[in-house]
Amino acid sequence: MKPKNCLIFGASGQIGRNLIRSLTKNNIKVTALTRNIHQKGYMLKTQANPGYLEIVEGSIFDYELIQKLFSDADLCVNLVGILFEKGKNNFKNIHVEFPKIISRLASNFELKKFIHLSALGIENAKDSIYAQSKLKGEKEILDNFNKTVIIRPSIVYSVDDNFTTQLMTLLGLLPIFPIYYNGQTKFRPIFCSDLTNSITKVITDDIREDIIEFGGPEEMTFKEILEKLLSLIDKKRLLLPMPISLARITAHIFEFLPKPLITNDQLRLLKYDNVLSGKYKSNADFNFNCSSRFEEEVNKYSYMWKNEGEYSKKRVN
Ligand SMILES: NC(=O)c1ccc[n+]([C@@H]2O[C@H](COP(=O)([O-])OP(=O)(O)OC[C@H]3O[C@@H](n4cnc5c(N)ncnc54)[C@H](OP(=O)(O)O)[C@@H]3O)[C@@H](O)[C@H]2O)c1
């Protein structure tokens with residue numbers, strides 16, 4: 526069968542790299558647009574067999590270029606997303622304007638499917654600009670193109686994430702670790718390959734559903750996640766609840782950094798549980814296999830954060 530062509534925006538990120546592997550194994554060719562081929566080319570090239578991946582350098586706002594890319598595509602996946610704003614890379618441009626442009630193109634070029642990565646919990650987080658921009662972007666897309674599937678995952682983890690790996694690094698460095706809202710915000714961490722294999726199934730099984738929520742098998746509070754990571758890297762740390770007024774001041778200082786550890790908008794978002802709402806269908810309704818367990822998967826790479834690194838004994842679950 527002739528392979529389909531899938532155009533991916535944001536392919537060099539955590540979810541994108543895993544998705545390229547899953548799609549290309551399923552006989553789907555990928556075209557990946559990146560802002561910087563010199564920086565991202567090597568991490569993209571190794572994800573697919575020869576002939577299955579084309580990498581294009583350019584801006585997501587270069588209308589002529591993306592129009593040309595759409596003319597060769599059967600499918601499109603949008604994974605472009607930001608957690609903090611810097612100059613023109615603001616929530617409005619990235620989460621609303623760009624999805625608006627490409628969903629119109631998906632309609633004009635009569636694509637077979639358009640998949641857009643959003644996030645869980647955005648309907649409740651009315652005071653978060655990130656969440657509200659994601660919500661507005663979803664609406665624009667659904668208005669523009671009816672063959673859209675919006676994917677709303679909880680936090681995604683893998684060996685190449687910015688979540689467990691960053692937390693283990695910080696837990697290794699800091700004797701006292703600040704927690705916000707007493708660490709009681711709930712998550713349903715989902716393993717990255719479970720998510721990306723499911724996205725592939727949405728395409729190959731031609732699933733039609735406006736919004737699908739995704740969560741892993743375990744509901745965990747932020748504090749429980751930290752405790753699990755500490756136990757996996759054999760470290761003891763004081764998890765200290767930080768008053769929100771103080772957290773706001775530190776977040777304000779972090780906002781001056783090129784890549785802030787946390788911003789005030791993320792602080793607001795953290796107030797809301799990141800769990801399945803029950804209002805939409807979820808991975809369970811489609812029998813997608815998202816059963817990987819947090820401790821078991823993180824144990825496969827967390828030994829590098831132990832004091833003896835690769836020489837440490839791996840934990841047997
Ligand atoms: N990971 C999670 O835990 C999680 C949870 C819920 C929702 N999501 C959503 O899932 C999507 C993918 O997440 P991810 O974790 O894979 O993201 P990521 O690792 O941060 O990667 C983001 C991607 O977006 C692209 N990008 C960012 N700003 C851009 C800009 N101004 N212009 C062009 N490209 C830009 C980057 O591409 P280049 O640098 O190559 O151009 C990069 O490949 C996002 O929409 C995110 O909000 C993720």
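Just so we're aligned, residue 526 is where the sequence shown starts under the numbering used here, counting upward by one. Beta carbons: idealized from backbone N, C-alpha and C, even for Gly. Values in this document were obtained by computation on a predicted structure and should not be read as measured data.
Euclidean distance between Cα positions of residue i and residue j
{"i": "LEU755", "j": "ARG762", "result": "8 Å"}
{"i": "GLU734", "j": "VAL674", "result": "6 Å"}
{"i": "VAL823", "j": "LEU757", "result": "8 Å"}
{"i": "GLU749", "j": "PHE712", "result": "10 Å"}
{"i": "GLY834", "j": "ILE728", "result": "40 Å"}
{"i": "THR788", "j": "ILE704", "result": "14 Å"}
{"i": "PHE781", "j": "ARG773", "result": "13 Å"}
{"i": "GLY583", "j": "LEU765", "result": "44 Å"}
{"i": "TRP830", "j": "LYS760", "result": "10 Å"}
{"i": "LEU636", "j": "LEU771", "result": "49 Å"}
{"i": "LEU639", "j": "PHE670", "result": "The sequence shown places Phe at residue 639, not Leu. Cα to Cα, the separation comes out at about 8 Å."}
{"i": "PHE813", "j": "VAL681", "result": "16 Å"}
{"i": "THR847", "j": "ILE732", "result": "With the chain running from 526 to 842 in the structure shown, residue 847 is simply not present."}
{"i": "THR725", "j": "PRO714", "result": "19 Å"}
{"i": "ASP599", "j": "LYS664", "result": "22 Å"}
{"i": "ARG546", "j": "PHE716", "result": "15 Å"}
{"i": "LYS570", "j": "SER683", "result": "19 Å"}
{"i": "TYR805", "j": "LEU532", "result": "26 Å"}
{"i": "PHE595", "j": "MET767", "result": "48 Å"}
{"i": "LYS672", "j": "LYS625", "result": "14 Å"}
{"i": "LYS838", "j": "ASN832", "result": "11 Å"}
{"i": "ASP798", "j": "GLU820", "result": "20 Å"}
{"i": "LYS796", "j": "TYR655", "result": "13 Å"}
{"i": "GLN592", "j": "GLY741", "result": "36 Å"}
{"i": "CYS815", "j": "VAL602", "result": "20 Å"}
{"i": "ILE769", "j": "LEU692", "result": "20 Å"}
{"i": "VAL581", "j": "SER537", "result": "11 Å"}
{"i": "ALA644", "j": "ALA631", "result": "21 Å"}
{"i": "LYS527", "j": "LYS784", "result": "42 Å"}
{"i": "LEU801", "j": "ALA650", "result": "14 Å"}
{"i": "GLY535", "j": "PHE702", "result": "32 Å"}
{"i": "SER718", "j": "LEU590", "result": "30 Å"}
{"i": "LEU847", "j": "TYR828", "result": "The structure shown does not extend to residue 847, since the chain is modelled only from 526 through 842, so no value can be given for it."}
{"i": "ASN844", "j": "PHE609", "result": "Absent from the structure is residue 844, since the part of the chain shown begins at 526 and ends at 842."}
{"i": "LYS550", "j": "ALA557", "result": "16 Å"}
{"i": "SER679", "j": "GLU744", "result": "10 Å"}
{"i": "ASN618", "j": "GLY606", "result": "10 Å"}
{"i": "ARG542", "j": "VAL555", "result": "11 Å"}
{"i": "GLN657", "j": "GLU622", "result": "13 Å"}
Residue i burial status per 10 Å Cβ neighbour count (16 or more: buried)
{"i": "ASP730", "result": "exposed"}
{"i": "ASN614", "result": "exposed"}
{"i": "GLY803", "result": "exposed"}
{"i": "ASP810", "result": "exposed"}
{"i": "ARG793", "result": "buried"}
{"i": "TYR567", "result": "exposed"}
{"i": "GLY646", "result": "buried"}
{"i": "GLN572", "result": "buried"}
{"i": "PRO575", "result": "exposed"}
{"i": "HIS620", "result": "buried"}
{"i": "GLU738", "result": "buried"}
{"i": "LEU698", "result": "exposed"}
{"i": "GLN539", "result": "buried"}
{"i": "LEU786", "result": "exposed"}
{"i": "ARG560", "result": "exposed"}
{"i": "LYS825", "result": "exposed"}
{"i": "GLU563", "result": "One detail in the question is off: residue 563 reads as His in this sequence, not Glu. Classification for HIS563: exposed."}
{"i": "GLY612", "result": "exposed"}
{"i": "ASP652", "result": "exposed"}
{"i": "ASN722", "result": "buried"}
Cross-strand partners of residue i (DSSP beta bridge)
{"i": "GLU780", "result": "In DSSP, GLU780 forms no bridge with anything."}
{"i": "PRO472", "result": "Missing from the structure shown is residue 472; the chain here goes from 526 to 842 and no further."}
{"i": "GLU663", "result": "None; GLU663 has no bridge partner."}
{"i": "ASN530", "result": "LYS554"}
{"i": "HIS641", "result": "ASN603, ILE675"}
{"i": "THR559", "result": "GLU582"}
{"i": "LYS711", "result": "THR746"}
{"i": "SER807", "result": "GLU738"}
{"i": "TYR682", "result": "PHE716"}
Any C-beta of chain C under 8 Å from that of residue i
{"i": "ILE778", "result": "The question asks about chain C, but that chain is absent: this structure has only one protein chain."}
Counting by C-beta, which residues lie closer than 5 Å to a heavy atom of ligand 1, in chain order? GLY535, SER537, GLY538, GLN539, ILE540, THR559, ARG560, LYS565, ILE585, LEU604, VAL605, GLY606, ASN614, LEU642, ALA644, PRO678, ILE680, VAL681
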